[in-house]
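Notes follow once the structure below has been shown.
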Amino acid sequence: MKRTLMGMLLLIVIVLAACGKPNIEGTWKGEDPYGDAITFMFFDDGTATVIDNYDDEMNMEYSINDEGNELTLTYQGEGASLGFEQKSKDVIRLTNPEDADDDPITLTKQ
């Protein structure tokens, strides 16, 4: 009985840990819908830097919703929400929820 209870508690802890928001801290690289290189650097304080293929940097804030399926980027007070999917621990996919015809951005962790 004691062993069964401990096993169930361990299973609950594992399930709850898996339900947390994705952790995307780090550097991610990919291509924008036009085929140009793009780099996202996500920091643990909720800030991010995006670097385009011209080496232009944009500093912004980011957050992921509780469901883990939407990434909001805020730049100079303007927010934009993107569809978010973590394909694996090293691959994320961003989509435009307002236009299904837009190509997704797939980023790989560096």
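Read in the UniProt record's numbering, the sequence shown has 33 at position 33, and its numbers run on one by one without any break.
For every residue, glycine included, the Cβ atom is placed at its ideal position computed from N, Cα and C.
For residue j and residue i, the rounded distance between their alpha carbons
| i | j | result |
| --- | --- | --- |
| PHE43 | ALA100 | 29 Å |
| ASP66 | PRO104 | 21 Å |
| GLU57 | ARG93 | 21 Å |
| residue 142 | PRO22 | The question about residue 142 has no answer, for the chain in this structure spans 1 to 110. |
| PHE40 | MET60 | 11 Å |
| VAL15 | THR95 | Confidence at VAL15 is low in this model, with a pLDDT of 42, below 50, so the placement of that residue should be treated as unreliable; the coordinate-derived value is given next. Their Cα atoms are separated by approximately 27 Å. |
| GLU25 | GLY79 | 20 Å |
| ILE51 | ASP32 | 11 Å |
Residue range of the unbroken beta strand (DSSP E) whose run includes residue i
| i | result |
| --- | --- |
| LYS29 | 26–31 |
| GLU57 | 57–64 |
| ASP44 | Premise fails: ASP44 is in no beta strand (DSSP E) and is neither H nor E. |
Reduced DSSP category for residue i - H, G, I as helix; E, B as strand; rest coil
| i | result |
| --- | --- |
| LEU5 | Low per-residue confidence applies at LEU5: pLDDT is 45, beneath 50, and the placement is therefore not dependable enough to give any value. |
| GLU98 | coil |
| GLY83 | strand |
| LYS109 | strand |
| GLU67 | coil |
| LYS90 | Here residue 90 is Asp; the residue named in the question, Lys, does not match the sequence. ASP90 falls in the coil class under three-state DSSP. |
| TYR34 | coil |
| TYR75 | strand |
CB of residue i within 8 Å of CB of residue j, strictly
| i | j | result |
| --- | --- | --- |
| THR27 | GLN110 | yes |
| ILE64 | ASN53 | no |
| LEU107 | GLY35 | no |
Check: residue i C-beta below 7 Å from any heavy atom of the ligand NAD
| i | result |
| --- | --- |
| GLU67 | The ligand NAD is absent from the structure shown, which contains no ligands of any kind. |
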